[in-house]
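Have a look at the structure below before the remarks.
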Amino acid sequence: MDTPLEQTDDIRFDETRKFLDKWSMYNLLKQYPPMVPMLPESKQFTKEHFFYFCQRYESFYIKPVNTWGGQSITRVDHFPNQLYCIRTLGQPTVWRATAFGSWWTVRKRLPLASIIQQAAPVVTWNNRMFDIRVLMQRHKSGTWMYAAMAARVGGHESIVSNIAASGGEVHEVPQLLQSLFENPPIEQKILQNLRTFSRQICTLLDSVYSFEEVGIDWGLGYDGSLWLFEVNTNDNLGGPSHELFAPLADGRIYQRIEQRSSARRLAQANEWLQIWMTELQQMTEQTP
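Start counting the sequence shown at 1276; every next residue gets the next number (the numbering used here).
Take a look at the structure:
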């Protein structure tokens, strides 16, 4: 990171939850030039921006800024007959309407605190949505380290790849890449880029807060390029899933993730204990 990050009104850190919402995260990532080509275009959910996306993209998503796990995500697809198909995760009803009707349909169902995001031109696996979750963990020494990656393949006809929300499944990343590209140099480059850019994102986040774990969701372009879907950090409500990696063939990966997390929590507890004991000692010395 050669240039300092500029904090703006569009980057708001929730001090209570210890959290960056989706809009703040997007604006933070946008400040790092190498990341910009990987970011699907995103804007705040307004009527003006909705019609802009209707004109510019065949498909786009609308996501509440404060949710996780695919909750309330809506996908809008434009058909040649000028009608739009509206699908919301977890709801059986599929709406079809004109652009104007689509706006009112979506507006009634979603909070204004949402973002509109381009549906990136990414490859699918057997016509199913997928992404690659990279988990980064902070070592007890304080440095970031790569922990694991897994491919999340969404259920049939799902609009997202989230496992729990779509009834999907976990796949090994190398095998999935091999089936998609059948080109070892491209596959190795993808694996390298996933690690490199995930680490850079963690360094970027350090300018805001000292997070402990970061789960980064990546999509793949048809040429193997990366698209950044979402960045998930630990906060006071939870953190990126560890259980996602339990089905991987190498069971040691999941065990090490859990061990690092426990070691880090223990190190933090010891730090807090030392601080408390020091303060207690100072109070005792000041007592007449």
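Every residue gets a Cβ at the ideal spot worked out from N, C-alpha and C, and that includes glycine. Computed from a predicted structure; not experimentally measured.
Tell me the DSSP bridge mates of Q1319? Against the sequence shown, residue 1319 aligns to sequence position 44. In DSSP, Q1319 forms a bridge with I1390.
Three-state secondary structure assigned by DSSP to A1374: Counting from 1 along the sequence shown, the entry for residue 1374 is found at position 99. Here A1374 sits in helix by DSSP.
If you count every other CB in all the chains shown that lies within 10 Å of the CB of T1278, and 16 or more means buried, which is it? On the sequence shown, residue 1278 is found 3 positions in, with the first residue counted as 1. Reliability fails at T1278, whose pLDDT of 43 lies under 50, so the model's placement of it is uncertain and the value that follows must be treated cautiously. T1278 is exposed by the Cβ-count criterion.
Can you grab the Cα-Cα spacing for the pair F1456 / E1518, in whole Å? Along the sequence shown, one-based indexing puts residue 1456 at 181. Along the sequence shown, one-based indexing puts residue 1518 at 243. Those two C-alpha atoms are separated by around 28 Å.
Coil, strand or helix - H1431 by DSSP: For the purposes of this step, residue 1431 is taken as residue 156 along the sequence shown, with counting starting at 1. Note: H1431 maps to coil in three-state DSSP.
Excluding the 5 residues flanking G1514 on each side, which residues of the same chain have their C-beta closer than 6 Å to its C-beta? What you label residue 1514 is simply residue 239 of the sequence shown in a count that begins at 1. E1488, listed in sequence order.
Output the boundary residues of the alpha helix (DSSP H) element that contains S1299. Here residue 1299 refers to the residue found at position 24 when the sequence shown is read from its first residue. Segment 1297-1305, the alpha helix (DSSP H) holding S1299.
Looking at the structure shown, is Q1412 part of a helix, part of a strand, or coil, going by DSSP? Counting from one through the sequence shown, the residue named residue 1412 turns up at place 137. Correct three-state label for Q1412: strand.
For E1323, the nearest candidate out of E1546, N1468, I1434, W1378 (CA to CA): Working through the sequence shown from its first residue, we reach residue 1323 at position 48. The residue with the shortest Cα to Cα distance from E1323 is W1378.
According to DSSP, which residues form a beta bridge with G1513? In the sequence shown, counting from the first residue as 1, residue 1513 sits at position 238. BP columns for G1513 point to D1510.
Which of helix, strand or coil does DSSP assign to L1503? Along the sequence shown, read from residue 1 onward, the residue named residue 1503 stands at position 228. Strand, per DSSP.
Going by DSSP, name the residue or residues bridged to K1464. Taking the sequence shown and counting its residues from 1, one reaches residue 1464 at position 189. Paired residues: none, contrary to the question.
Bridge partners for P1355 per DSSP, in chain order? Stepping through the sequence shown from its first residue, residue 1355 is reached at position 80. Answer by DSSP bridge pairing: none, since P1355 is not bridged.
What did DSSP end up calling A1425 once you bin it into helix, strand or coil? The residue given as residue 1425 occupies position 150 in the sequence shown. Residue state, collapsed to three classes: strand.
Using 8 Å for Cβ pairs, my map puts V1506 next to M1313. What's the rounded Cβ distance? Within the sequence shown, numbered from 1, the residue matching residue 1506 stands at position 231. Within the sequence shown, numbered from 1, the residue matching residue 1313 stands at position 38. At roughly 11 Å, the Cβ-Cβ gap does not stay under 8 Å, so V1506 and M1313 are not in contact.
Quick one: what does DSSP say L1495 is sitting in, helix, strand or coil? Here residue 1495 corresponds to residue number 220 of the sequence shown, with the count starting at 1. DSSP places L1495 in strand when its eight states are reduced to three.
Restricting to Cα atoms, I'd like to know which of N1545, P1522, L1512, S1389 is closest to E1290. Taking the sequence shown and counting its residues from 1, the one referred to as residue 1290 is at position 15. That would be L1512, whose Cα lies nearest to the Cα of E1290.
Which residues in the same chain have their Cβ closer than 7 Å to the Cβ of L1387, if we skip the five residues on either side of it in sequence? As a first step, residue 1387 must be located in the sequence shown, where it is residue number 112. The residues are F1320.
Expressed to the nearest angstrom, what Euclidean distance is found between the alpha-carbon atoms of S1433 and L1364? The sequence position of residue 1433 within the sequence shown is 158, counting from 1. The sequence position of residue 1364 within the sequence shown is 89, counting from 1. Answer to the nearest angstrom: the Cα atoms are 8 Å apart.
Check whether the segment 1530-1549 and the segment 1413-1427 touch, using three or more Cβ-Cβ pairs below 8 Å as the test. yes
I believe F1328 touches V1483 by the beta-carbon criterion, under 8 Å. Please report the beta-carbon distance rounded to the nearest angstrom. Stepping through the sequence shown from its first residue, residue 1328 is reached at position 53. Stepping through the sequence shown from its first residue, residue 1483 is reached at position 208. Not confirmed; about 28 Å, so no contact.
Could you tell me the alpha carbon to alpha carbon distance between P1355 and T1399, rounded to whole angstroms? Taking the first residue of the sequence shown as 1, we reach residue 1355 at position 80. Taking the first residue of the sequence shown as 1, we reach residue 1399 at position 124. Their Cα atoms are separated by approximately 22 Å.
In the structure shown, what three-state DSSP assignment does R1287 receive? Indexing the sequence shown from 1 puts residue 1287 at position 12. R1287 falls in the coil class under three-state DSSP.
For F1375, count the other beta carbons within 10 Å of its own beta carbon; 16 or more makes it buried, fewer makes it exposed. Which is it? Here residue 1375 refers to the residue found at position 100 when the sequence shown is read from its first residue. Exposed: under 16 other Cβ atoms inside 10 Å.
Quick check on G1417: does DSSP put it in helix, strand or coil? Indexing the sequence shown from 1 puts residue 1417 at position 142. In the structure shown, G1417 sits in coil (DSSP, three-state: anything other than H, G, I, E or B).
Got a sec? Which residues, its chain only, sit under 6 Å from L1280 by beta carbon, not counting five neighbours each side? By one-based count along the sequence shown, residue 1280 stands at place 5. Confidence at L1280 is low in this model, with a pLDDT of 49, below 50, so the placement of that residue is unreliable and no value is reported for it.
Under a three-way DSSP split, which group does E1554 fall into? The residue given as residue 1554 occupies position 279 in the sequence shown. If DSSP states are grouped into helix, strand and coil, E1554 belongs with the helices.
What does T1559 pair with, by DSSP beta-bridge criteria? Looking up residue 1559 in the sequence shown gives position 284. DSSP lists no partner for T1559.
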